[in-house]
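Number of protein chains: 2
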Amino acid sequence: MELTAREIDIGTRSPTVLVNSDDAAELGVHPLDRVQLAWAGGRGVGIVETTDELVPAGELGVTRRLGHVSGTVEVTVAPHPDAVHYIRKKLDGIELERDEIDRIVTDIAEDRLSDIELAAYVVATYTRGLSLAETMHLTQCMTNAGHHLSWDVPVVADKHSIGGVAGNRVTPIVVSIVAAAGVTIPKTSSRAVTSPAGTADTMEVFCDVEFSTEEIREIVAETNGCLVWGGGVNLSPVDDKIIRAEMPLSLDPHGQLIASVLSKKRSAGSTHVIVDIPYGEGAKVADLNAARELADDFVRVGDHLGMTIECAITRGEVPVGRGIGPVLEARDVLATLDGNGPEELRLKSVRLAEILLDCCGREDVDATEILRSGRALATFRDIVAAQGGDPDVTLDDLPPGRHETTVSASRDGVVTHVDNRLVSDIARRAGAPRDKRAGIDLHRRVGDEVQTGDRLFTIYAESAAKLSDAERLQRKSEAVRVRTRDEALVEHV
Amino acid sequence: MELTAREIDIGTRSPTVLVNSDDAAELGVHPLDRVQLAWAGGRGVGIVETTDELVPAGELGVTRRLGHVSGTVEVTVAPHPDAVHYIRKKLDGIELERDEIDRIVTDIAEDRLSDIELAAYVVATYTRGLSLAETMHLTQCMTNAGHHLSWDVPVVADKHSIGGVAGNRVTPIVVSIVAAAGVTIPKTSSRAVTSPAGTADTMEVFCDVEFSTEEIREIVAETNGCLVWGGGVNLSPVDDKIIRAEMPLSLDPHGQLIASVLSKKRSAGSTHVIVDIPYGEGAKVADLNAARELADDFVRVGDHLGMTIECAITRGEVPVGRGIGPVLEARDVLATLDGNGPEELRLKSVRLAEILLDCCGREDVDATEILRSGRALATFRDIVAAQGGDPDVTLDDLPPGRHETTVSASRDGVVTHVDNRLVSDIARRAGAPRDKRAGIDLHRRVGDEVQTGDRLFTIYAESAAKLSDAERLQRKSEAVRVRTRDEALVEHV
Chain A
1 MELTAREIDI
11 GTRSPTVLVN
21 SDDAAELGVH
31 PLDRVQLAWA
41 GGRGVGIVET
51 TDELVPAGEL
61 GVTRRLGHVS
71 GTVEVTVAPH
81 PDAVHYIRKK
91 LDGIELERDE
101 IDRIVTDIAE
111 DRLSDIELAA
121 YVVATYTRGL
131 SLAETMHLTQ
141 CMTNAGHHLS
151 WDVPVVADKH
161 SIGGVAGNRV
171 TPIVVSIVAA
181 AGVTIPKTSS
191 RAVTSPAGTA
201 DTMEVFCDVE
211 FSTEEIREIV
221 AETNGCLVWG
231 GGVNLSPVDD
241 KIIRAEMPLS
251 LDPHGQLIAS
261 VLSKKRSAGS
271 THVIVDIPYG
281 EGAKVADLNA
291 ARELADDFVR
301 VGDHLGMTIE
311 CAITRGEVPV
321 GRGIGPVLEA
331 RDVLATLDGN
341 GPEELRLKSV
351 RLAEILLDCC
361 GREDVDATEI
371 LRSGRALATF
381 RDIVAAQGGD
391 PDVTLDDLPP
401 GRHETTVSAS
411 RDGVVTHVDN
421 RLVSDIARRA
431 GAPRDKRAGI
441 DLHRRVGDEV
451 QTGDRLFTIY
461 AESAAKLSDA
471 ERLQRKSEAV
481 RVRTRDEALV
491 EHV
Chain B
1 MELTAREIDI
11 GTRSPTVLVN
21 SDDAAELGVH
31 PLDRVQLAWA
41 GGRGVGIVET
51 TDELVPAGEL
61 GVTRRLGHVS
71 GTVEVTVAPH
81 PDAVHYIRKK
91 LDGIELERDE
101 IDRIVTDIAE
111 DRLSDIELAA
121 YVVATYTRGL
131 SLAETMHLTQ
141 CMTNAGHHLS
151 WDVPVVADKH
161 SIGGVAGNRV
171 TPIVVSIVAA
181 AGVTIPKTSS
191 RAVTSPAGTA
201 DTMEVFCDVE
211 FSTEEIREIV
221 AETNGCLVWG
231 GGVNLSPVDD
241 KIIRAEMPLS
251 LDPHGQLIAS
261 VLSKKRSAGS
271 THVIVDIPYG
281 EGAKVADLNA
291 ARELADDFVR
301 VGDHLGMTIE
311 CAITRGEVPV
321 GRGIGPVLEA
331 RDVLATLDGN
341 GPEELRLKSV
351 RLAEILLDCC
361 GREDVDATEI
371 LRSGRALATF
381 RDIVAAQGGD
391 PDVTLDDLPP
401 GRHETTVSAS
411 RDGVVTHVDN
421 RLVSDIARRA
431 GAPRDKRAGI
441 DLHRRVGDEV
451 QTGDRLFTIY
461 AESAAKLSDA
471 ERLQRKSEAV
481 RVRTRDEALV
491 EHV
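Quick note, the sequences are listed as chains A and B, same order. So for the first sequence, the UniProt record's numbering puts the first residue at 1; every next one is plus one. So for the second sequence, the UniProt record's numbering puts the first residue at 1; every next one is plus one.
Set out below in structure tokens:
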């Protein structure tokens, strides 16, 4: 059928074409079927949406995703991409071969799947699971689909946390210790989307984080490490597309998680990786057994890819540091590197650095000593300088937001819980991560005894309006739980 | 966050809003998250898509689905609809309660789900299955979501085929016999989308098929029956939305199928329904056991709804009538009603009518006699007249397309198979269902002996170009298989 192309202003990930319902009936296509397009100067495959109004019969609404389509277009029915057959196969519980997984990954990478098909893929891997062999193939295929970094050294260290814990800003400390020990650790991190700060947001308090591959090489050549935003490097483009379907359903299938993390690490050229797996109430992994299973599979898939993976199973119910929000976490990082800072943040960072150094064959290194001696701080300052920041930065340069309110204990008792989700939500209401100085500073830890009127935490904001917003949420929730010893054991509801 | 609304031209089923990536990060929303919108004059919930280009920071691209949104819009994060939680629950293999199914159906009916969520629902019902209780609830909830017809008689007969068989145009014959027997049978049918003709397309050869509910009442009052297009009556709007997600994946989950069919029948006010379940190679149901299971569940769910359901399990490997395409099928229907026509079409129609009349308590009626005596033909002519057609129509008024080509046997042997899919595809290439006179006329049935040069089938088209198209497909395929007796048993490939 011949139709006349008409450009339409539509934000779409996939190559949508709008077809009038009458033309669709004549072609015999449903919404989400594929059509082959041929026009003077090009060819392409579009995914059909039908309309009664937006496009009149005889015309074809074409989105920019398909390039500049103009004039007369010959439209014929095209088959579904191969990936759809394999997704269907997986839905039926049949294990996929390597080349079938490769087709799925390629079709996702090139945006050939509709949301319906993408969701079917994610749901299939969730309800049917991925075998170890499938996870290995998937990791390899996802790695192949992205850009790659390579380094001229045999050992490249890296670190990943599966996330979900507030104030868990160990990365800049771990990187500084490991780099100070002479091990290459080019760390790429994410920005926050639903949390009050990602490592990239926190590092941006000190210096730039967006660099080209070539610039990253120079920073690492100078300092052994870097702390940059990974979004600029495009290491696993497929991952972002799969996340699109996982997020709305809050699905994070085990095999898919491993493939996402390890394909990124592999693309980044990492050879030795420590994976932080926080578990417990409110964390992504509910219990110790599930954490151990996940850890085992991380190690096995890594092994298959020729990578050395070590996993640290950590307590994830409560925040690690005191600060929550970019500047407040940056203060924790700087204080810890300077010999102060929150105890748990220091202990966890040192332990992760030790495990990572050990697996890199550097059992000789004393991570505690590197931190204590100030060598980690010196390396951190070198990285900050190499990334265009002020190497002489002090806590005085990092004041939190000037609007603040402090929440106090309304009774005597013991702090029994600090809610990851709630402190994150309050910090976000206060403006984090966009308002770098916004967030929360926790004054008490779980187990601390408090008396009525003792300070529990302070909320900081850059504007009075956002502070009020955060206070409203604070008042109707209980981010820091104080109970008497009795109540802590038995809570009568 | 306050954004300025900007209308965008986009064809979408769901209430999409386009948000600049920077604003999305500040709000903390991912693609497909929900946002609450409040503007002077209205409120609504939008589903987020992010863009770097199409909408600048500070603006909000709004589709027409949300109504007329203009000026400043206050945008806040909104929770996922409840349905998403229940879909997630079903994905985890947990049986849903009635009110949870109700939420899902309502959210689908009101287009509150994104394609990702809709696909997750369909895939969940496919991989996890629906229990009989869930299927009953789903049928009831889908019934509640649509328009209803009601009739002033205690017995309202109806008929449905789950489809997939070419030339299976029994409906006009069954309706004519049943209506002639004095039983009310207000039949709504679909148009073809991927097949060469639906019952509505075939009836349109004789008369109009699009009527209002009031007009349908008048036709049925006059003739006991009707043969109209169901799309105009909106009996199960949820069904069309669910089909959107089923089609691309070729999924047709058992429980969902039952709920779709019976909710439509219930909404149409039907009390006694015969369901035709064709099975076999190439049909929707692969074998006799699967057909029996499906039939049992149809009966049970119908019983729960207070409907009497009878199922006919029929052979579905090969076409039923001779003609494929609106006019060619219309010719078969008229010839059969007139005492001629293809043997299988006549036998199947009479048998279905008998079963249906029996379950309506009309064991006294002799369906064969009603057909033989011409009473069914007279009733059919009454219905055609009531629907604005020519009651005196003859086969001479129904010539097939003037461009034709006849395919002959290239060898001596026996017809061993007629491929439903291929004859349908060839008929579509020839122009069916849009070109009413296009299609195929089969001259031989399975089991017929043929000699080289004997006519196997004729392709008809309204244009020479479409005939060539159909011939091309015909030449590279084998729609009608001729084998020697030996080969028919053992085919050496």
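Beta carbons: idealized from backbone N, C-alpha and C, even for Gly.
CA-to-CA distance, residue j to residue i, given in whole angstroms
{"i": "B/Ala192", "j": "B/Thr484", "result": "36 Å"}
{"i": "A/Gly198", "j": "A/Ala438", "result": "14 Å"}
{"i": "A/Arg103", "j": "A/Asp82", "result": "7 Å"}
{"i": "B/Asp364", "j": "B/Ala157", "result": "16 Å"}
{"i": "B/Asp151", "j": "B/Met142", "result": "The sequence given here places Trp at residue 151 of chain B; Asp does not occur at that position. B/Trp151 and B/Met142: Cα-Cα distance of roughly 20 Å."}
{"i": "B/Val183", "j": "B/Gly164", "result": "28 Å"}
{"i": "A/Asp22", "j": "B/Thr127", "result": "34 Å"}
{"i": "A/Glu478", "j": "A/Leu262", "result": "37 Å"}
{"i": "A/Ala57", "j": "A/Pro31", "result": "16 Å"}
{"i": "B/Leu118", "j": "B/Asp111", "result": "10 Å"}
{"i": "B/Ser161", "j": "B/Thr458", "result": "27 Å"}
{"i": "B/Arg475", "j": "B/Val423", "result": "12 Å"}
{"i": "A/Thr406", "j": "A/Tyr460", "result": "9 Å"}
{"i": "B/Ile108", "j": "A/Ser250", "result": "19 Å"}
{"i": "A/Thr139", "j": "A/Asp276", "result": "19 Å"}
{"i": "B/Val273", "j": "A/Ala291", "result": "54 Å"}
{"i": "B/Gln387", "j": "B/Lys90", "result": "45 Å"}
{"i": "A/Arg64", "j": "B/Glu26", "result": "26 Å"}
{"i": "A/Asp287", "j": "A/Asp296", "result": "15 Å"}
Own chain, CB closer than 7 Å to residue i, minus 5 neighbours either side, in chain order
{"i": "A/Gly413", "result": "Val450, Val482, Arg483 and Thr484"}
{"i": "B/Glu329", "result": "Gly167, Arg169, Ala197, Thr202, Gly321 and Gly323"}
{"i": "B/Glu281", "result": "Glu317"}
{"i": "A/Ala353", "result": "Val174, Ile177, Val178 and Ala367"}
Candidates the options: closest to residue i by CA position
{"i": "A/Arg169", "options": "A/Ala470, A/Ile370 and A/Ser349", "result": "A/Ser349"}
{"i": "B/His304", "options": "B/Ala133, B/Val122 and B/Val19", "result": "B/Ala133"}
{"i": "A/Glu215", "options": "A/Gly232, A/Ala200, A/Met203 and A/Glu204", "result": "A/Gly232"}
{"i": "B/Ala221", "options": "B/Pro237, B/Gly230 and B/Ile185", "result": "B/Ile185"}
{"i": "A/Leu257", "options": "A/Ala367, A/Ser267 and A/Thr125", "result": "A/Thr125"}
{"i": "A/Ile242", "options": "A/Asp338, A/Thr106 and A/Leu96", "result": "A/Thr106"}
{"i": "A/Trp229", "options": "A/Thr458, A/Ala291 and A/Cys207", "result": "A/Cys207"}
{"i": "A/Pro400", "options": "A/Ser410, A/Ala432, A/Val407 and A/Gly374", "result": "A/Ala432"}
{"i": "A/Val238", "options": "A/Asp296, A/Val299, A/Ala295 and A/His147", "result": "A/His147"}
{"i": "B/Gly129", "options": "B/Asp390, B/Ala259, B/Gly255 and B/Arg292", "result": "B/Gly255"}
{"i": "B/Asp252", "options": "B/Gly225, B/Cys226, B/Leu227 and B/Ala283", "result": "B/Ala283"}
{"i": "B/Met247", "options": "B/Leu456, B/Ala409, B/Val123 and B/Val407", "result": "B/Val123"}
{"i": "A/Arg174", "options": "A/Ser410, A/Arg346, A/Ser408 and A/Arg429", "result": "What sits at residue 174 of chain A in the sequence shown is Val, not Arg. Per the Cα distances, A/Arg346."}
{"i": "B/Ile177", "options": "B/Thr368, B/Val153, B/Cys311 and B/Val407", "result": "B/Thr368"}
{"i": "A/Pro172", "options": "A/Ile426, A/Ala376, A/Ala470 and A/Asp390", "result": "A/Ala376"}
Sequence-distant residues of its chain with Cβ nearer than 8 Å to residue i (five each side left out)
{"i": "residue 495 of chain B", "result": "Because chain B in this structure spans residues 1 to 493, residue 495 of chain B falls outside the shown range and cannot be described."}
{"i": "B/Glu59", "result": "Leu3, Thr4, Ala5, Arg6 and Asn20"}
{"i": "B/Ser114", "result": "Ser14, Leu32 and Ile47"}
{"i": "A/Leu54", "result": "Ile8, Leu18 and Gly61"}
Same chain only: Cβ atoms within 6 Å of residue i, ignoring 5 sequence neighbours per side
{"i": "residue 549 of chain A", "result": "Look at the range of chain A in this structure, 1 to 493, and you will see that residue 549 of chain A is not part of it."}
{"i": "B/Glu100", "result": "Tyr86"}
**Study point:** Segments assigned beta strand (DSSP E), at least 3 residues, entirely inside the stretch 10-81 of chain A
**Key:** DSSP runs (the beta strand (DSSP E)) wholly in the stretch 10-81 of chain A: 16-20, 34-39, 42-51, 59-62 and 72-78.
Practice item. Count the CB pairs spanning the stretch 435-444 of chain A and the stretch 411-424 of chain A that are closer than 8 Å, and state whether there are at least three. Key: Judged by Cβ distances under 8 Å, the stretch 435-444 of chain A makes contact with the stretch 411-424 of chain A, as three or more pairs qualify.
Point to revise | At least 3 beta-carbon pairs within less than 8 Å: the stretch 366-385 of chain A vs the stretch 330-343 of chain A | key: Touching, yes, given that three or more Cβ pairs across the two stretches are closer than 8 Å.
Review point. Would the stretch 178-190 of chain B and the stretch 454-474 of chain B be scored as touching if the rule is three or more Cβ pairs under 8 Å?
Key: Short answer: they don't touch.
Practice item. Please list the segments of the beta strand (DSSP E) lying wholly inside the stretch 358-409 of chain A, counting only runs of 3 or more residues, in order along the chain. Key: Counting only runs of 3 or more, we get 403-408.
Review point. With a cut-off of 8 Å, do at least 3 Cβ pairs link the stretch 61-80 of chain B to the stretch 27-40 of chain B?
Key: As far as the Cβ criterion goes, the stretch 61-80 of chain B touches the stretch 27-40 of chain B, which means the pair count is three or higher.
Exercise for review: Please specify which runs of the alpha helix (DSSP H), each continuous and at least 4 residues long, are wholly inside the stretch 274-322 of chain A, giving them in chain order.
Suggested key: Segments of the alpha helix (DSSP H) lying fully in the stretch 274-322 of chain A: 288-304.
Practice item. Decide yes or no for the touch test of the stretch 94-102 of chain A against the stretch 259-275 of chain B: beta carbon pairs closer than 8 Å, at least 3 of them. Key: At 8 Å Cβ cutoff, the stretches do not touch.
Review point. Which whole runs of the alpha helix (DSSP H) in the stretch 128-155 of chain B are 4 residues long or more, in chain order?
Key: Scanning the stretch 128-155 of chain B for uninterrupted alpha helix (DSSP H) segments of 4 residues or longer gives 132-144, listed from N- to C-terminal end.
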